[in-house]
Every structure is written in C-alpha cells, then in structure tokens.
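Below: the structure, in structure tokens.
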Amino acid sequence: MQQYWRPGERAPQLPYDKEIGGSEEPPSVVWNTNKNLSLDEQRRRLPVFRHRLSILWALEKHRVVILVGQTGCGKSTQVPQYLCEAGWTSHGRRIGVTVPRRIAAMTIASRVAQEMGVKLGREVGYSIRFDDQTTAGVTRIQYMTDGLLLREMISDPLLSAYSLLIVDDAHDRTIQTDLLLGLLKKVMKKRQHLRLIISSATLDAQALKAFFTDSAADA
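Given below as structure tokens:
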C-alpha cells in the first residue's frame, strides 16, 4: 500500500534508502581532512611532496620515469606543478597529462588551476572530445584523455608542442593506453629531449621498464 508522508511525521523507509545488497549501513564518505588549511599547506601535506626533489632529479637523469603511488597521494595534481615550477614549461613548452576518463581530465585540471591561482583554460586547461579548454601560446599544463592525444598524433606525429608527457592511471590498461605507450616509445626514438612519466597506483614497474629500456629511451 502506498504510504504518504506529512510534514512533522517520521518519513517512511523507502527501498532506495538502502544500499544495493540489503546493507543498512550508510555508505562510506571520503573527504579532505585538510580542507581548512591553505591550499599551499594542503599541497605540502600530500605524500608525494616528500618525493618532489627525487622526481625532478630522476627526470634530469632518465628519459622515462615510472612513478608508482597510492591513489590520493597527489601524483595527478602535484607532479605537473612541480615540473612547471622547475622550468619544464619555459619557452612556450607544454606538459601534457593523459587520463583514461573525461571527467578526470576536467576535475583534475580544475583543481590544479585553483591551486595555481589561475583561470581554468589559461595556464592550466583540459581537452576532451567536443570540449577544448586551452589557450594557444598560454596553456602550460594540459590534461586530456588518452584518445585525444592519439588523435593529436595524426596531425603532429612527434607531439612537438610538448616537452614532457605524463600517462596517468596507466594501471587501467585500456586499449588506448596500451596503444599510446607503444607509439610514445617510437616518438622518443625521434625526439631525444622528450621526457615521459608513467604514473600508476598499481603497476608492474619492472615489465614497463623492460619495455622502454628496449628502445633508445632509457628508464
């Protein structure tokens, strides 16, 4: 029988109040425990901050760097900023960051723009299908999907606009990600100064290292 609820009465328990599977426990909620701190202090408290100098040093010595860290450690948002601060976007160069999903490209770019104090679409932007939020000659950090970078290679096979590329969430192992890594291996044989970071939460680093060491790029 249909139940009707009147203001002031206890609301009837509806089926969609429960989690699928019959559990009546409320779903877990993830929040930023440091949200009351300044953005700069929030950045410093991320686990990846302790490895900032090591990452920059590795890129000076190696052309391919494999970065493995737990989800939430700050890889996606902080590493591109460290590189930008270290001069990898000088002289009009750009850092490209690929992610498997469109929503990730949009949300991460928005967060990084906020942390850097810039307008989204200017120094920090994103490119997904049917939506390009970048500015030619201005954007320094560009987030995009794997598929979009693959399409960009059709018109610019050597990806000449980028000084460094980051393949994020490589553990997802989509067809596009695998294809992209194979093509980037070929690109790096032609562009000796291009750097590549492969970032993942759970990744077989040794297998990936062997794959790229087999080319002109060392890992």
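The sequence shown maps to residues 2 to 220 in the numbering used here. Beta carbons: idealized from backbone N, C-alpha and C, even for Gly. For clarity, every value in this text was computed on a predicted model and none was experimentally measured.
Task: Which listed residue (Leu150, Arg94, Ile104) has its alpha carbon closest to that of glycine 183 - done: Leu150
Open item on the list: Taking only three categories from DSSP, how would you classify glutamine 143?
Closed with: strand
Open item on the list: For glutamine 79 and phenylalanine 50, I'd like the C-alpha separation in whole angstroms.
Closed with: 8 Å
- [ ] Output yes or no for whether 8 Å exceeds the beta carbon distance between isoleucine 129 and methionine 145.
- [x] yes
Task: CA nearest to the CA of threonine 136, picked from Ala162, Asp147, Gln82 - done: Ala162
Open item on the list: Less than 8 Å between the beta carbons of valine 66 and isoleucine 198, yes or no?
Closed with: Contact flag set, yes.
Open item on the list: As a quick exercise: from Arg196, Pro81, Arg152, pick the residue whose alpha carbon is nearest that of glutamine 177.
Closed with: Closest by alpha carbon: Arg152.
Open item on the list: Please state the DSSP three-state secondary structure of threonine 90.
Closed with: coil
- [ ] Could you tell me which residues DSSP pairs with valine 66 in its beta bridges?
- [x] Ile198.
- [ ] Label phenylalanine 213 either buried or exposed according to how many other C-beta atoms from any shown protein chain fall within 10 Å of its C-beta, with 16 as the threshold for buried.
- [x] buried
Task: C-alpha gap between leucine 180 and aspartate 41, whole angstroms - done: Each residue's Cα considered, the two are about 37 Å apart.
TODO: Count the C-beta pairs between the region 55-64 and the region 77-92 that are closer than 8 Å, then say yes if the count reaches three, no if not.
DONE: yes
Task: C-beta atoms of valine 98 and isoleucine 155 nearer than 8 Å - done: no
TODO: Have a look at glycine 75 and alanine 106 and give me their C-alpha separation to the nearest angstrom.
DONE: About 15 Å.
Task: Cβ-Cβ distance between leucine 159 and valine 188 below 8 Å - done: yes
Task: Host alpha helix (DSSP H) of valine 188 (start-end) - done: Looking at the DSSP string, the run of the alpha helix (DSSP H) that includes valine 188 is 176-191.
Task: For arginine 102 and aspartate 173, the rounded distance between their alpha carbons - done: 10 Å
- [ ] State the Cα-Cα distance for the pair arginine 53 and serine 200, rounded to the nearest angstrom.
- [x] Each residue's alpha carbon lies about 14 Å from the other.
Open item on the list: Let's see if you can read the secondary structure: which residues bound the beta strand (DSSP E) around valine 98?
Closed with: In the DSSP assignment, valine 98 falls within the beta strand (DSSP E) that extends over 95-100.
TODO: Would you mind working out which of Tyr127, Thr203, Arg95, Arg123 sits nearest arginine 196, comparing C-alpha positions?
DONE: Arg95
Open item on the list: Within 10 Å of its beta-carbon, does proline 16 have 16 or more other beta-carbons around it, so buried, or fewer, so exposed?
Closed with: Residue placement at proline 16 cannot be trusted, given a pLDDT of 41 that sits under 50; the coordinates are not used to answer.
Task: Where serine 128 falls: helix, strand or coil (DSSP) - done: strand
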